[in-house]
Structures are given as C-alpha cells and as structure tokens.
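Residue numbers (the UniProt record's numbering): 1 to 384.
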C-alpha cells in the first residue's frame, strides 16, 4: 500500500468536490440547515396549551378555580365562553385545545361538603399531547382540591395550616430529575440530532461521490491503473470522512452554543467516538455505491436505509427497551443506537469510556465489518 498514491487519490477527489460548487456547498450547508430545522421545530415539550372556560356558576370560588389554570405556564387562557355549545367550533378551528366547564352550584356544593363535578374536554387528535394535557389538568385540579381541603380543615376544626397539610398528605412524594433537571426536550433531542444528521448525510454524500465517478466514466482510469482496491477506497473516502468530521464539530457547536444543550463529558473521547461513527456511516455509503449504478438510485437507497432507522430505531423518540422485540433486534444492528447512547452519556450524564465501552466497541466492530464488506464487494473489474 502506497501512502503517496492514497494522498494523490484524496487530492484528486477533493478537487472534484470543490469543483462542483453545488455539491460542496450542500455538503456543509445541509447538515446545518437540518440542525436548525429540527432543533427549532422538533420539540416534545407540551406548553402554552390554549384553553377556554365555561363558568356556569360565576362565583368567587369558580373564578379562583379557573385562575389556577390561567396562572399556570402550561396553559394560555383564551377567554370565557357563554355556554358549552361554543366549545365545539373553537376546538374544530384549533383555537383552543381544551375547555373546562364549571357547573352551577360549584361554590355551594363545596361549602356544604358536597362533591363538585368539573368537566374537561380535550382535543384528542394528537394522543401524546392529549395525555400530557390531561396530566396537567389533573395536577392543577388536585392542587386546588388539596388547598381547599386544608383550608376547610383549618377553619372547621381549628387545625393549623401546616398541620392540616400533614394530615391531608401523610406521604409526601419528592421527585428529582437527574441529568435533565428542567426536563427540557431540547437538551435530549438536540444532541441526538448529531446522530441523525450524520447518519443521513454522510452515507448520502459518500455514495453520490463514488457513483458520480462511475457515471462520468472517470473510474475506468482506476480500473486500468496500478492502484490497489484498498488504496482507492481509502483515498476516495478520506475527503468525505473529513467533511463529515468537520460537520460533526459544527453540529456540536450548534447544540451546545445555539441550543444551550449541556455537555458534561470528555470532549476528546466524544470526538474520537464521533470519528468512529463517521467511519461507520461512510462505510454505509460505500456499500450503497457498490450496489447501485446511478446517483438517483444511490440517493433513494441511502435515504431508505438511513432516515427511518435513525429516527425510529435509535432511541431518539422512544427508548429502545420500549419497542417490540423485532424492533430491538433491528436497533442493535444499526450504529445509530450505539452512538445515541454515547451522545446521551456524554452530553447529559457526563460518563466516559468506563461506562460506554460496549457502545464504542460495537461502533468500531461495525466500522470494520462495513469496510471489509465494501473492500470485498468492490472490484477493479468493471461490471457489465
């Protein structure tokens, strides 16, 4: 193997990339654009839910109950409605997502120790958001009921307020969130966008670069030269690895700087593993380029092999442990799952190779297998 020939092939490929201004621009702009689009548009946080209130009681206690929702940061108050018939049109027009109906005699029932039935209507077109909305409504209702019960216990039986709270809530649950104290979805999703974007763009640009040379006929010069398969593959893929490694750095800067995702791990370890991941994704592009002959086919096959797996089987949206057994098998066959574990460990948990060594070994093994397969399938003899 000649290093001089590898460098010559890499220089030639780099000149080809730079000469194609559109390809060169997209190689750097597409990852940034995807990061901005997904980062700003892809959020799992459910806040500022528009809601309206039908207050059929019109009492001070019904207004206090409604104000509990108005003062919550999870709800945006649209206004009071005259009757329940106005709820349907507002829900259909997406002007509100939930409505609360406070019945007549609400205050009277509470003051006479009778239960008061409050109705909540929630837009169920988005099940995830609907369930979260129900949880918010339940939490606000429970807080109001608890405060009312404590107040009644203090006034009727003369029990001090703090003692009343202890009697009403003998077991107090204290919840602590580790690693993501604010429970911000951006802190979890934005770092994982490195995994998704690199898994989408690196194989695509690699496959297009190799297939483009085959379509133009320039690869026949390699067929007739003394350059070995290994020299050609390393020299050919090195520029795309370099571009993807640079994109990884830019995406990391966007995640930590623009989207304020905390990075608690070892930065040297993270970028070494990111380079291994780039090699894996480049290997996927190499395999695609071996199997197809046109750039259109390379684009279609690469998109199918990378976009859905990186989103569905990496743990980005749903933990791998929560999907079906078949889905878990698919997830363990993809490098995106292992890199997603490393991203979460490095950004939020601050762990290093002592904890993540299994994922690192899996990525390294994946890279070796892909390049061995690409080396075996690639031939200097033109396919007819």
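Just so it is clear, CB atoms sit at the ideal spot from N, CA and C, and this is done for glycine as well.
- Restricted to the segment 16–68, the beta strand (DSSP E) segments that are unbroken, complete and at least 3 residues in length are 49–55, listed in chain order.
- Within its own chain, the residues whose Cβ lies closer than 7 angstroms to the Cβ of residue 275, once the five positions on either side in sequence are excluded, are 245, listed in chain order.
- Segment contact: the segment 133–141 against the segment 57–72, three or more CB-CB distances shorter than 8 angstroms; contact assigned.
- Here residue 193 is actually not in contact with residue 247; their C-beta atoms are around 12 angstroms apart, not less than 8 angstroms.
- Beta-bridge partners of residue 355 (DSSP): none assigned.
- The alpha carbon of residue 47 has as its nearest neighbour, out of 195, 183, 209 and 358, the alpha carbon of 183.
- In the structure shown, the three-state DSSP call for residue 240 is helix.
- Sixteen is the threshold: when 16 or more other Cβ atoms of the shown chains lie within 10 Å of the Cβ of residue 236, as they do, the residue is buried.
- If you draw a straight line from the Cα of residue 102 to the Cα of residue 125, it is about 24 angstroms long.
- Here residue 171 carries a coil assignment [DSSP, helix/strand/coil].
- Here the alpha carbons of residue 215 and residue 291 stand approximately 14 angstroms from one another.
- The C-beta of residue 93 has fewer than 16 other C-beta atoms within 10 Å across all chains shown, which makes the residue exposed.
- Looking at 81, 107, 110 and 109, the one whose alpha-carbon comes closest to that of residue 96 is 81.
- Secondary structure within the segment 240–325: the alpha helix (DSSP H) runs of 4 or more consecutive residues, fully enclosed, are 267–291 and 295–312 (chain order).
- For residue 343, there is no enclosing beta strand (DSSP E); the enclosing alpha helix (DSSP H) covers residues 335–344.
- If you check the CB distance, residue 99 and residue 51 come in under 8 angstroms.
- Residue 63 and residue 128 have their alpha carbons spaced roughly 29 angstroms apart.
- Counting only runs of 3+ residues, the beta strand (DSSP E) found wholly inside the segment 93–150 occupies 98–102 and 119–122, in chain order.
- Classified as exposed, residue 58 has fewer than 16 neighbouring CB atoms from the shown chains inside 10 Å of its CB.
- When DSSP states are grouped into helix, strand and coil, residue 78 belongs to the strand group.
- A straight-line Cα-Cα distance of about 8 angstroms links residue 343 and residue 270.
- With respect to the C-alpha of residue 205, the residue from 284, 15 and 254 having the closest C-alpha is 284.
- Short of 8 angstroms from the beta carbon of residue 328, and not among the five residues preceding or following it, lie these beta carbons of its own chain, in chain order: 320 and 321.
- Distance between residue 266 and residue 27, taken at the CA atoms: about 27 angstroms.
- Taking residue 211 as the centre and dropping the five residues before and after it, the same chain places the C-beta of 289, 295 and 298 closer than 6 angstroms to its C-beta, in chain order.
- Residue 313 is positioned such that its CB atom lies no closer than 8 angstroms to that of residue 282.
- Within 10 angstroms of the beta-carbon of residue 40 lie fewer than 16 other beta-carbons, which makes it exposed.
- Non-local beta-carbon contacts of residue 110 in its own chain, meaning distances under 7 angstroms to residues more than five positions away in sequence, involve 61, 116 and 148 in chain order.
- Just so you know, the alpha carbons of residue 144 and residue 113 end up roughly 15 angstroms apart.
- Ranked by Cα distance from residue 268, the first of 3, 73, 351 and 77 is 351.
- The DSSP-derived three-state label of residue 178 is coil.
- Spanning the alpha carbons of residue 120 and residue 176 requires a straight line of approximately 29 angstroms.
- From the listed residues 302, 357, 15 and 263, the smallest Cα separation to residue 180 is found for 263.
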